[in-house]
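Participant:
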Amino acid sequence: MRVAVVAMETSQYRDTVGRTRLERVATELADAGHDVTVFCSQWWTGFDNQRERDGVTYRAVTVSPTVPSFCVRLPAMLARYRPDVVHVHPTPASVALAAKTGAALSRAPLLTEWFGDEDVPESRRADLALRASDCLITPSELVRTRVRERGATADQTAILPQSIDMDLVRETEADEEIDVVYAHRLDGSANVESLLLGLAELRQKGWSATIIGDGPERAHYEQEAADLRIDDRVTFVGACDIEERVSIYKGAHVFVQTAFRECFATDLLWAMACGCIGIVEYQAESSAHELIEQRDRAFRVTNPQEIADKIAESADFERQTVDESCAEFDHAHVRSEYEQLYEKRIEDHGLL
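Residue 77 in the numbering used here sits at position 74 of the sequence shown, and the numbers go up by one each step.
1. Roughly how many angstroms lie between the CA atoms of phenylalanine 263 and histidine 292, to the nearest whole one?
2. Measuring CB atoms only, is the region 318–338 touching the region 41–61, in the sense that at least three cross pairs come out at less than 8 Å?
3. Pick from Met169, Ser136 and Pro164: whose alpha carbon is nearest that of aspartate 158?
4. Taking threonine 160 and arginine 147 to be in contact with their CB atoms under 8 Å, please state how far apart those CB atoms are, rounded to whole angstroms.
5. If you drop the 5 nearest sequence neighbours on each side, which residues of the same chain put their C-beta closer than 7 Å to that of threonine 30?
6. Could you pull out every residue in the same chain whose Cβ sits closer than 7 Å to the Cβ of valine 123, ignoring the five residues on either side in sequence?
7. Touch check for the region 302–316 and the region 189–205: three-plus C-beta pairs under 8 Å?
8. For tryptophan 273, does the count of other Cβ atoms within 10 angstroms reach 16, so buried, or fall short, so exposed?
9. Relative to the C-alpha of alanine 79, which candidate in Val257, Ala106 and Leu231 has its C-alpha closest?
10. In three-state terms, what does DSSP make of phenylalanine 365?
11. Which residue marks the beginning of the alpha helix (DSSP H) containing threonine 30, and which one marks its end?
12. Please state whether the Cβ-Cβ distance between arginine 322 and histidine 223 is less than 7 Å.
13. Secondary structure at isoleucine 233, three-state DSSP: helix, strand or coil?
14. Quick one: using the 10 Å Cβ neighbour count with 16 as the cut-off for buried, is valine 75 buried or exposed?
15. In its own chain, which residues sit with a C-beta less than 6 Å from the C-beta of isoleucine 162, not counting the 5 before and 5 after it?
16. In chain order, what residues of the same chain have a beta carbon less than 8 Å from the beta carbon of alanine 82, not counting five sequence neighbours either side?
17. Check whether the region 32–39 and the region 332–344 touch, using three or more Cβ-Cβ pairs below 8 Å as the test.
18. From the DSSP output, read off the bridge partner residues of threonine 213.
19. Could you tell me whether the region 293–304 touches the region 180–196, using the rule of 3 or more Cβ pairs below 8 Å?
20. Using the beta-carbon count (16 or more within 10 Å), is valine 6 buried or exposed?
21. Per DSSP, aspartate 38 is paired with what?
22. Nearest-angstrom Cα distance between glutamate 179 and valine 259?
23. Using beta-carbon positions only, say whether tyrosine 345 and valine 88 come within less than 7 Å of one another.
24. Just curious, the beta strand (DSSP E) that valine 89 is in, first and last residue?
25. Since leucine 77 and valine 20 should fall inside the 8 Å C-beta cutoff, what is the C-beta to C-beta distance between them, to a whole number of angstroms?
26. Tell me whether glycine 281 sits in a helix, a strand or coil according to DSSP, three-state version.
27. How far does the beta strand (DSSP E) with tyrosine 61 in it reach, from first residue to last?
28. Please return the same chain residues whose Cβ sits closer than 6 Å to the Cβ of aspartate 270, not counting the five positions on each side in sequence.
29. In the DSSP assignment, find the alpha helix (DSSP H) that holds phenylalanine 73 and state where it starts and stops.
30. Can you tell me where the alpha helix (DSSP H) with isoleucine 251 in it begins and where it stops?
31. What residue does the beta strand (DSSP E) around alanine 161 start on, and which one ends it?
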């Protein structure tokens, strides 16, 4: 299958979760034997108009992210490539519309990767780009609902979750045993207060907790732990790479999710794959609660007291280091879901 991915600004220009996800999907598809080319602004040095990386061809439409030039050149470049499917990042909306023109010239369906962290202002052009897509792919029901509120139909949307590396989970050695772990960038949406208040309710019991992440609010949270007189049992370890996080999760018993905003709670998923019991504080702008539906080793709560109660209750559960039920989120499995979605949209497009 020939797959054209369109992202005027790749992660080298703007490092967002949505862009990284789209590039990882491209790499996964290339690893599976598909011909994948990313049409983008040049992010590499030199005068070559394309670059190979991880089996994916990155082709420069422009030498810098210049919207008018990119939109003028893109349709013809896509037509010459003759893709079976075009997969586009939704910003800028003008580029998404240009990708639609290129897809039409190629007689290929257009799919839009709408992760939820994109800045897509309300505008006539953005509405046109949304309606022009044959399928909008979201990571969660939360984001799917937002897209539908902007005018997308149920048939026009699909949910494909974030993926994880189950082989990494199986092969990584567990770190030292701890009771509770939390992970998120320590910014205004982290809401570590809920966890710290819950832990403070358990100060008469023996427990240990690790906070993974760094950010502008770290000092504030460290001071809050000190004010609650639990700082001797809460360790702030800063930002960790995925191998370090997986090791910590495998040594932990409970993962507590409290962040205000999550398009997809990826660290919660990694932790549950590592055997952690998931405790999710419901937040209106977070999809985390979707991950624990129908799971036995998980709890949904609404306040710090309930967090404390469920941490205590979790002591009755045995420790695990791998949960094979999370294999449905493995990179290969989710890649297969993308392939099936492509094939369906290609078939539907051929019937038009």
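Don't be surprised by glycine CBs; every beta carbon is placed ideally from N, CA and C.
Facilitator: On the basis of the data shown:
1. 12 Å
2. Judged by Cβ distances under 8 Å, the region 318–338 makes no contact with the region 41–61, as fewer than three pairs qualify.
3. With distances taken between Cα atoms, aspartate 158 lies closest to Ser136.
4. 5 Å
5. Asp57, Gly58 and Val59
6. Pro93, Thr94, Ala96 and Ala129
7. yes
8. buried
9. Ala106
10. No answer is possible for residue 365: the residues shown for the chain start at 4 and end at 355.
11. 20–34
12. Not a contact, by the Cβ cut-off of 7 Å.
13. coil
14. exposed
15. Thr141 and Arg147
16. Same-chain partners within the cutoff: Gly105, Leu108 and Ser109.
17. yes
18. Val184 and Thr238
19. no
20. Buried.
21. Answer is Arg5, bridged to aspartate 38.
22. 18 Å
23. yes
24. Its beta strand (DSSP E) spans residues 88–91.
25. About 24 Å separates the two Cβ atoms, so there is no contact after all.
26. strand
27. 59–65
28. Ala186
29. Boundaries of the alpha helix (DSSP H) harbouring phenylalanine 73: 70–84, taken from the DSSP string.
30. It spans 245–254 - the alpha helix (DSSP H) in which isoleucine 251 sits, taken as one unbroken run.
31. 160–162
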